[in-house]
Amino acid sequence: MESARYLPLLRVLAEHEVEFILVGGLAAVLQGAPIVTGDLDIVHRRTPENVARLLAALAELEAVYRIDPRRLKPTDAHLSGPGHALLSTKFCDLDVLGTIFVDTRYEGLTDDVLELELGDITIQVLGLERLIQSKEHTGRGKDLAVLPALRATLAQTKKT
Amino acid sequence: MSGTMTARVSAYEARLSVQGDEPAFNEDGVDLTQIRRFLALTPLERLVWAEHTAAEIEALRSIARVKVSARGKR
C-alpha cells in the first residue's frame, strides 16, 4: 500500500452508490479536529442491495483482509453481519463496521450525521458529538488520547 | 499546501492578530490556535491536509534510522 489516499477511495464508494457513514478519526478531521489518523472507518447499511453495491466497490478497490496472510477478499456473508472487516485497499486501510457502540447499526446513527461536500462528491459523516460519545464508550487508550482535541474542536465549533 | 488553502489560513491569521484576546490553549493543554486555523479550512481542504500529513509521516518513517538509543548507546 502506498501513502493514504482518502478521496479516491470515498469517490469509488460514492460512484457505486454505497450507503455508508464515515466514522472514526477521519470523520473528526473533516469536522475540524487537527488529529492524525491512519485509516478510514465506515458503518454501512446492511441491506442485501447495499451489501452488493459495497462488494462491487470493494472489488474495484482491490480490498483484502489486512490481518490475514491469505489475502482473503470480503464476502457477502462477512459484510451482512455486525462484525468489523479490517481491510487493506489500493488507496488506504479501510475498516468496514457492521455496528459501533457494541450494537448500533447504520440506521441507529442517521439522526446524528451531517452531509459534507468533498469536491464532486457528498458523503455522510457522523457528527462530532456522537463521535466523542463513541470514543468515550470504547474507553481504549488510543481513543481517550484524542478526546481533549475533539472536545476542544466541538467547543470552538459552537463558538463560531 | 495549496494556494487556496494558504490564502485561507493567511486570512485567518490576519483575523487572529486582531482577536488577540482569545486563549491559545484550553485547560487540557490543547492548542486552540491550531483548531481555529483548521476550522477555517473547508472539509475538502482538511481531507487533503490529512492525506499530506499521512504521506509525510510515512516518508519520515521510511527514512528514520535509530542512531543513538534512548540510553545513549549506538
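So the sequence lines, in the order shown, correspond to chains W and H.
Under the working numbering, the residues of the first sequence are numbered 3 to 162, in order.
Under the working numbering, the residues of the second sequence are numbered 166 to 239, in order.
From the three backbone atoms N, C-alpha and C, an ideal C-beta is built for every residue, glycine too.
Every unbroken stretch of the beta strand (DSSP E) spanning 3 or more residues and falling wholly within the stretch 59-95 of chain W is given here in chain order: 86-90. Under the 8 Å criterion on CB atoms, Ala219 (chain H) is classed as interfacial with respect to chain W. A contact is defined here as three or more CB-CB pairs under 8 Å, and the stretch 122-140 of chain W fails this definition with respect to the stretch 77-89 of chain W. In this structure, Leu89 (chain W) places its C-beta atom within 8 Å of the C-beta atom of Arg68 (chain W).
The C-beta separation of Ala59 (chain W) from Val20 (chain W) comes to about 5 Å, placing the pair in contact by the 8 Å criterion. Identification of residues in the stretch 190-204 of chain H having a C-beta nearer than 7 Å to some C-beta of chain W yields Asn191, Asp193, Val195, Leu197, Gln199, Ile200, Arg201, Phe203, Leu204, given in sequence order. When the five nearest sequence neighbours on each side are left out, the beta carbons in the same chain lying within less than 6 Å of the beta carbon of Arg107 (chain W) are those of Thr101, in order along the chain. Considering only W:Tyr8, W:Val38, W:Glu17, W:Glu51, the residue with the shortest C-alpha distance to Leu24 (chain W) is W:Tyr8. When the beta-carbon positions are compared, Ile37 (chain W) and Val148 (chain W) come within less than 8 Å of each other. With respect to chain W, the C-beta atom of Ile222 (chain H) has a partner C-beta closer than 8 Å.
Listed along the chain, the chain H residues whose CB falls inside 7 Å of the CB of Leu118 (chain W) are Pro208.
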